[in-house]
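Engineer: Residue numbers (our numbering), protein chains in the order written: chain H, 1 to 389; chain S, 1 to 275.
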Amino acid sequence: MRTLGKFGRYGGVYVPETLMPALEELEEAFATIVPGDAFKTRLASLLTDYAGRPTPLYHAKNLSDKWGAQVFLKREDLLHGGAHKTNNALGQALLSKMMGKERIIAETGAGQHGVACAMSGALLGLKTEVYMGEVDMERQKPNVYRMQLLGTTVHPVKTGSRTLKDAINEALRDWIANLENTHYLLGTVAGPHPFPSMVKHFQRIIGEEASAQIQEKTGRQPDYVVACVGGGSNAIGIFAEFIDKTSVQLVGVEPAGKGLDTDKHGAVLALGSFGCVHGMKSLVLQTEEGQIQEAHSISAGLDYPSVGPEHAFLKDTGRARYESATDEEALSAFHELCREEGIIPALESSHALFIGKKLAQGEAAGKSIVINLSGRGDKDLHEVMKHGK
Amino acid sequence: MESRDRYKARFQSLQEAKQGAFMPFTVLGWPDEETSFRIIKTMIDSGASALELGIAFSDPVADGPIIQAAAHKVIENGFTVKQALELVARVRKYDADVPMGLLVYYNHIMAMGVEKFFEKAGECGVDGVLVADLPAESSDEVLSAGTVNGISTIFIVSPLTREERLAKIVEHASGFIYLVSRLGVTGTDERNADRDSRLTALIASIKKATPLPVLAGFGISTPAHAEKMMASGADGVITGSKIVDLVAKADPAKMESELSSYLKQMVAALNLVKV
Ligand SMILES: Cc1ncc(COP(=O)(O)O)c(C=O)c1O
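(1) Nearest chain S C-beta to Y14/H closer than 9 Å, yes or no?
(2) Please check if any C-beta of chain S sits within less than 9 Å of the C-beta of R173/H.
(3) Determine, using beta carbons only, whether K379/H and A110/H come nearer to each other than 9 Å.
(4) Could you tell me whether the Cβ atoms of V91/S and G125/S are closer together than 9 Å?
(5) Alpha carbons only, please: which of V251/H, M132/H, S197/H, G219/H is nearest the one belonging to T153/H?
(6) From the DSSP output, in three-state form, read off R182/S for me.
(7) Mark L183/S as exposed unless 16 or more other C-beta atoms lie within 10 angstroms of its C-beta, in which case mark it buried.
(8) Quick one: is V254/H buried, meaning 16 or more other Cβ sit within 10 Å of its Cβ, or exposed?
(9) Under the three-state reduction of DSSP, which class applies to Y58/H: helix, strand or coil?
(10) In three-state terms, what does DSSP make of R90/S?
(11) Straight-line CA distance for A171/H to H351/H?
(12) Specify the secondary structure class of E107/H as computed by DSSP and reduced to three states.
(13) Leaving out five residues before and five after A56/S in sequence, what residues of the same chain have Cβ atoms less than 6 Å from its Cβ?
(14) Flag H265/H as yes when its Cβ comes closer than 8 Å to any non-hydrogen atom of ligand 1, and as no otherwise.
(15) In three-state DSSP terms, what is M1/S?
(16) Establish whether the CB of M112/S and some CB of chain H are separated by less than 9 Å.
(17) So what does DSSP say about S276/H, is it helix, strand or coil?
(18) Using 8 Å as the cut-off, can you tell me whether the region 276-295 of chain H makes contact with the region 202-215 of chain H, which would need three or more C-beta pairs spanning the two stretches below that distance?
(19) So, using beta-carbon positions, are A136/S and E171/S closer together than 9 Å?
(20) By DSSP, does T218/H sit in helix, in strand, or in coil?
(21) Please report the straight-line C-alpha distance between T262/H and S297/H, rounded to a whole angstrom.
(22) So is V148/S buried or exposed if we call it buried at 16+ other beta carbons inside 10 Å?
(23) Reducing DSSP to helix, strand and coil, say where Y105/S ends up.
(24) Could you name the residues of the region 182-208 of chain H whose beta carbon sits closer than 7 Å to any beta carbon of chain S, in the order they occur along the chain?
(25) Please return the same chain residues whose Cβ sits closer than 7 Å to the Cβ of A122/H, not counting the five positions on each side in sequence.
(26) Which one or two residues does DSSP pair with Q70/H in a beta bridge?
(27) Give a single yes or no on whether K85/H has its beta carbon closer than 8 Å to a heavy atom of ligand 1.
(28) Does DSSP put C124/S in a helix, a strand or coil?
(29) Exposed or buried, what is M1/S when buried is set at 16 or more other beta-carbons lying within 10 Å of its beta-carbon?
(30) Which runs of the beta strand (DSSP E) at least 3 residues long sit entirely within the region 129-176 of chain S? Give them in chain order.
(31) Is G146/S close to chain H, meaning its C-beta is less than 9 Å from at least one C-beta of that chain?
(32) Output the distance between the C-alpha atoms of S3/S and E52/S, rounded to the nearest integer angstrom.
(33) Would you call the CB atoms of V34/H and M198/H closer than 9 Å?
(34) For F30/H, decide whether its Cβ has a neighbour in chain S, counting only Cβ atoms nearer than 9 Å.
(35) Contact criterion: CB-CB distance below 9 Å. Does R165/S meet it with respect to chain H?
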C-alpha cells in the first residue's frame, strides 16, 4: 500500500491477507482516478443535476428565537435519497464503474446508505447487493422496500447482534470471496484504509458548502458546528472544512441510548477503549478480553460499537469534542423540529439537534451554530409512532 | 528457541518419511471445555501432524458460517480467552511434541497487550500464532514479541498475493506458510477446478521465495482435496470447517469414533509417498 492511513494511533489496515489485493487496488484507484478530470467532471454533474447539490443552509428563525442562538441547518435531508449518504455512494459507485467492477455490495444500518447505493447502482448499471441486520430490517422497513424497488437484493444478516456491525462483517466476507469483480461500497468513515480517507473526501463537500454559505449569510464563520456520529461520515464531512479554522468549535454527538450509566448505548468515544475491529484500530465498545459488544440506539444509523478512526484522533487531540444524547432526548428534538420548523428530521440527526439546543441554551447563547441535518425522518415514522406521538 | 523447533522437528520427520502434514483445526472451548479437549485429544491420537486452534472472536470476518457459529457458541457459554489458553496448556501436558498454532484475531491480542499475550501463549506451550487480521504491513507490531517468546509468526498467502507482497510476507514468516487455497472465507463449499489448477504455479513461486513448508487450507475437506493439494506441491493441508461440521452433526456418543475415522482417512491420504 502507499500508506497505512493512520490518524495518530488509530486507523490502519487490519484485515486478512485475502483482502489486501482489493485494498491495494482501491487505494491506487482513489489516488489516480478520483483526482482526474474525467472523474471530477462526471461526479460534479451527478451531484448537481441528479442529487440536488448544493443543499441549502437554512437559518431556522423559529428555533433561533426559541433557543436563543442563531441556528443554521445544513439541509442534507433535502439531498436525493434523503440523507448525506448519497454523496459517498455516488462517488464510490462512479469509482467502481471506472475501475471496471460489475457489482457493488454494501452494509446498511438505517437503510439510508443502502438506498443511496441502490440508487447509484441503478443509475450506473451496477449489480447491487446490500447486507442488513434482521433487527434493522424490521426497524427501517420502508428503506428495505425502497432498495428492492431500485433493483437491489437485500440480504438479511442473522448473525451476532443482527445490526450494522454484523452487516459489515458479512459484506467483508462477501468481498473477500468476490473481490475481482466486486467493490465494497462502505458507507462511513470507518473500516480499513483507504475507506476513512476516501469517504471523508466524498463527504467534505458538506462542510465546504456550509462554510461558504454561512460566510455569505453572516459575513463570518460559525462559532459551532454540530453533527451526529454513528460511524462518523456526516460529522467528518461537515467538520473537514473547519478543522483548520480553529475559532470554530466542532461538536460530535453520540447516541447515549437509554443512558450512559446503562449498558444500552452507543457512546463509543465517551466509553469505548482502544481496540481493533472491521479492519481498523479505533475506540471500541468491548469486554475486557476483547469481544465486541452490542451498541444500542433508537436510531439504527448510530447503532455501531466502534467509530471512524479520525474521530478518535480528533477527540484525543482536543480539536473536536463529543457529547451524547439519549433516545428520549433525540425524540424530543425530533418533535420540536417538526412543530417549530415544519421539518421531519432523521432520528440520527435529532441527536445533533438536541445538543445544538443544549449549547444554544447554555455556553453558545447568542452565537451562531451550524447543525448538520444529515437526513430526513420519513424512514423513522414507524419507530417514532411506537413511542407515542 | 525450543518451541519453534517443534514445527521444524515435525516437518523434518515428515519430509524424511515423504509424508504430507495434516493439521486439523478446531475452536478452543467448542462446544464446551471438556468436549473440546476430547476433540483435540482425538486429533492427536488419530495421527495429526500438528494442531491449529482458534480463539473464539465475536466478529470473525475471515470465517464462514460453520466456524462463526462455533465461535458465537463459545462466547455465549462464557468461555474466556484465559480459559482457552489454559486448555492449550492442558493439551501440551497431554502431548509434549505436537506443534500447536493459535488462530487469533488481533483485538484479543491488543486487549491483553501484545507482550503479555505472547508470553502467556509461550508459557502454555504454543508454537505459532497466526493473527487472522494482521497483514504483513502491520506485522512489526507483533514480530519481536513472537521472537522473544520463541513463537513462530504464521502468515497467509492467497491466490491473489502478488510477488512484491509475497517477498514481504516470507521475510516475516516463520513456522510454515498458510496457503489460502481458494478465495473466500473458511468453509466447506465446492472447490473450483479451474482455480485449483493454478495452485501448482502459486506453490512453486512460494517455494522459490522461502524454504518454509506450505500448508494449504480453506475448503479442504476430503481425502481427494488433500491429494490434489499434495499433487500441486503443498507440504500438507489444514482442515477446519469440515471437522467442526462433523462434530456438530455427530451422535454425541459416537463423536470420537466418527471424528477419528475421518481424521485417519485424511492422514492416510497424506501418507502417500510424496513425489
Ligand atoms: C440520516 C443519517 N445520519 C447519520 C447517520 C450515521 O452515519 P454517519 O455517522 O456515518 O454519518 C446515518 C446512518 O445511516 C443516517 O442515515
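Yeah, the Cβ is synthetic: ideal placement off N, Cα and C, and Gly gets one too.
Structural biologist: In terms of the structure at hand:
(1) yes
(2) yes
(3) yes
(4) yes
(5) M132/H
(6) coil
(7) Looking at its Cβ environment, which holds 16 or more other Cβ atoms inside 10 Å, L183/S is buried.
(8) Here residue 254/H turns out to be Glu, not Val, going by the sequence shown. The residue in question, E254/H, is buried, as its Cβ has 16 or more Cβ neighbours within 10 Å.
(9) In this structure, Y58/H counts as strand in the three-state DSSP scheme.
(10) helix
(11) 27 Å
(12) strand
(13) V27, A71, V74, I75
(14) no
(15) Confidence at M1/S is low in this model, with a pLDDT of 45, below 50, so its placement is unreliable and the value that follows should be read with caution. The answer is coil: DSSP assigns M1/S none of H, G, I, E or B.
(16) yes
(17) Checking the sequence, you will find Cys at residue 276/H rather than Ser. Here C276/H sits in strand by DSSP.
(18) no
(19) yes
(20) helix
(21) 12 Å
(22) exposed
(23) coil
(24) none
(25) L150, G151
(26) S368/H
(27) yes
(28) coil
(29) Reliability fails at M1/S, whose pLDDT of 45 lies under 50, so the model's placement of it is uncertain and no value is given.
(30) 155-157
(31) no
(32) Low confidence applies here, because S3/S scores a pLDDT of 48, under 50, leaving its location unreliable and the question unanswered by this model.
(33) Contact annotation: V34/H and M198/H have beta-carbon atoms nearer than 9 Å.
(34) no
(35) Against chain H, the CB of R165/S has a partner CB under 9 Å away; the residue lies at that interface.
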